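In full-length UniProt numbering, the protein residues as written are 1 to 104.
Quick look at the structure:
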């Protein structure tokens, strides 16, 4: 049986609207940036899989993608391959910069 996850602080819609949205910046700059803008999945994941070994263990790879499937597929690939999904950050021109930390 599936259960809804609970936990974390929940904010009311009024509280969310009252606070101005600030763009979230990555904590550390990526060691490698893969430009997959304009490419449909699974191409961004294939590009990531081919090039993640170019960074040192513990290094961060940024995948630039504008395909909505990449927004969910890259973190899923990280779980599958035991790498860390650091975060997904919105790009000003649209799309996301999806950061992945190499674990091995």
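Backbone N, C-alpha and C fix where the C-beta goes; we use that ideal spot for every residue, glycine too.
Treat the numbers as computed from the prediction; the structure is a model and nothing was measured.
Backbone secondary structure at residue i - three-state DSSP
i	result
residue 84	strand
residue 91	coil
residue 32	strand
residue 48	helix
residue 55	coil
residue 26	coil
residue 75	helix
Candidates the options: closest to residue i by CA position
i	options	result
residue 100	83, 92, 55	83
residue 72	26, 45, 37, 32	45
residue 25	66, 98, 49	98
residue 95	79, 63, 78	63
residue 49	92, 74, 87, 90	74
residue 33	69, 70, 42, 65	65
Neighbour flag for residue i against chain C, beta carbons, 8 Å
i	result
residue 86	You won't find chain C in this structure, because it holds only one protein chain.
Residue i: first and last residue of the uninterrupted beta strand (DSSP E) it sits in
i	result
residue 98	96-101
Residue(s) in a DSSP beta bridge with residue i
i	result
residue 64	35, 97
Any non-hydrogen atom of the ligand NAD within 7 Å of residue i CB
i	result
residue 31	For the structure depicted, the ligand NAD is absent and the ligand set is empty, with no information on it obtainable.
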